[in-house]
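This report refers to the structure that appears directly beneath it.
Residue numbers (this note's numbering), protein chains in the order written: chain A, 975 to 1211; chain B, 665 to 782.
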């Protein structure tokens, strides 16, 4: 059986890569590799996961330089040789080893106006959104975001401009701006029209390239740019 | 692989390359502008000075540089149109085609100019 030579980021001291030999198996995911190391080679290794089926978005890390969800990434898909390089997601502070601090990431969703506020109360009937309405169609993909942080870690604008709200937060705002139940459209557009907002996106599209759900935050951000421009021309902002 | 080569590989996709070329061509064009104005300013020193410069500009090396200039201009235009189409029309699914059109169009413009100058 061949072995994988796995280089894993360890945060102790000033931090360094540590090497482990892991047996290579068929249908092995990156999460399987990390779990093997933690259970058999070094129980002090810290990493994060929950669902293991690509729903929760908690297991993302940098695999051979690219941010990926590890539970749905097969070793065979990313390893040309037997070398595997695992690091915490870029653009996030590290808590320990492969575990990132997601606080800023979620704070930015709040800053971008990511909390829904409708006009109905729980006493009202459920709002009916027609599946083929233009607003619903515009966000058909964007609402599938699981908040894994892969887009945020892949974005160089976030790296160069730490205040930038980032692809996930802007994608979330786009889904609410196009939500016909929403009552805070202009507040949201104001929140994303500043220096740290949608206009800072350089259309590098690494977010779209890497999104494990095959969504396009770039599409959402360009939609926000158009909505902000229209509102500004109408004098609403 | 080193961390740097991983970082480079992670950015090796058409949209990122288009972003880089858009920026680099813009910077090179901006750097060319002072030379352009310097050349035009020769006219202020009289007809002889400008003619002398223009005859120097017939030098094959200058012509090759001009081909590069046209290529940069076409590249900057193509990549700029890509961004405008992306932002104004939301054509994200056409990205690779748009990048290919921008690069292809630039090469055609550069080659056409090359054939014309020699």
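In this text, a Cβ means the ideal position worked out from N, Cα and C, and glycines have one as well.
Keep in mind it's a predicted model, so treat the numbers as computed, not measured.
Does residue i come within less than 8 Å of chain A when only Cβ atoms are used?
{"i": "residue 780/B", "result": "no"}
{"i": "residue 694/B", "result": "no"}
{"i": "residue 767/B", "result": "no"}
{"i": "residue 754/B", "result": "yes"}
{"i": "residue 711/B", "result": "no"}
{"i": "residue 750/B", "result": "yes"}
Using DSSP with H/G/I as helix, E/B as strand and the rest coil, what is residue i?
{"i": "residue 1138/A", "result": "coil"}
{"i": "residue 1002/A", "result": "coil"}
{"i": "residue 710/B", "result": "coil"}
{"i": "residue 1089/A", "result": "coil"}
{"i": "residue 1119/A", "result": "coil"}
{"i": "residue 679/B", "result": "helix"}
{"i": "residue 994/A", "result": "strand"}
{"i": "residue 741/B", "result": "helix"}
Pick from the options: whose alpha carbon is nearest that of residue i?
{"i": "residue 687/B", "options": "765/B, 750/B and 741/B", "result": "741/B"}
{"i": "residue 744/B", "options": "689/B, 669/B and 668/B", "result": "689/B"}
{"i": "residue 997/A", "options": "1036/A, 1028/A and 1057/A", "result": "1057/A"}
{"i": "residue 1153/A", "options": "994/A, 1117/A, 1130/A and 1073/A", "result": "1117/A"}
{"i": "residue 1142/A", "options": "1155/A, 1128/A and 1134/A", "result": "1128/A"}
{"i": "residue 989/A", "options": "1071/A, 1039/A and 977/A", "result": "1071/A"}
{"i": "residue 1135/A", "options": "1201/A, 1176/A and 1080/A", "result": "1176/A"}
Does chain B have any CB closer than 8 Å to the CB of residue i?
{"i": "residue 988/A", "result": "no"}
{"i": "residue 1092/A", "result": "no"}
{"i": "residue 1145/A", "result": "no"}
{"i": "residue 985/A", "result": "no"}
{"i": "residue 1032/A", "result": "no"}
{"i": "residue 1233/A", "result": "Here chain A has residues from 975 to 1211 only, and residue 1233/A is not among them."}
Given this structure, state the Cα-to-Cα distance separating residue i from residue j, to the nearest angstrom.
{"i": "residue 1163/A", "j": "residue 1211/A", "result": "8 Å"}
{"i": "residue 747/B", "j": "residue 1192/A", "result": "11 Å"}
{"i": "residue 1194/A", "j": "residue 695/B", "result": "35 Å"}
{"i": "residue 1208/A", "j": "residue 1178/A", "result": "29 Å"}
{"i": "residue 772/B", "j": "residue 1092/A", "result": "53 Å"}
{"i": "residue 1076/A", "j": "residue 749/B", "result": "33 Å"}
{"i": "residue 1114/A", "j": "residue 999/A", "result": "37 Å"}
{"i": "residue 1052/A", "j": "residue 1021/A", "result": "19 Å"}
{"i": "residue 713/B", "j": "residue 719/B", "result": "10 Å"}
Could you say if the stretch 1054-1068 of chain A and the stretch 1118-1127 of chain A meet the contact criterion of at least three C-beta pairs nearer than 8 Å? yes
So, does the stretch 1005-1012 of chain A touch the stretch 1075-1091 of chain A, judging by three or more C-beta pairs under 8 Å? no
Check whether the stretch 699-709 of chain B touches the stretch 764-778 of chain B, counting contact only when three or more Cβ pairs, one atom from each stretch, lie closer than 8 Å. No, the stretch 699-709 of chain B does not touch the stretch 764-778 of chain B.
If contact is defined by three or more beta carbon pairs under 8 Å, each pair taking one atom from either stretch, is the stretch 723-739 of chain B in contact with the stretch 775-782 of chain B? Enough Cβ pairs lie closer than 8 Å, so yes.
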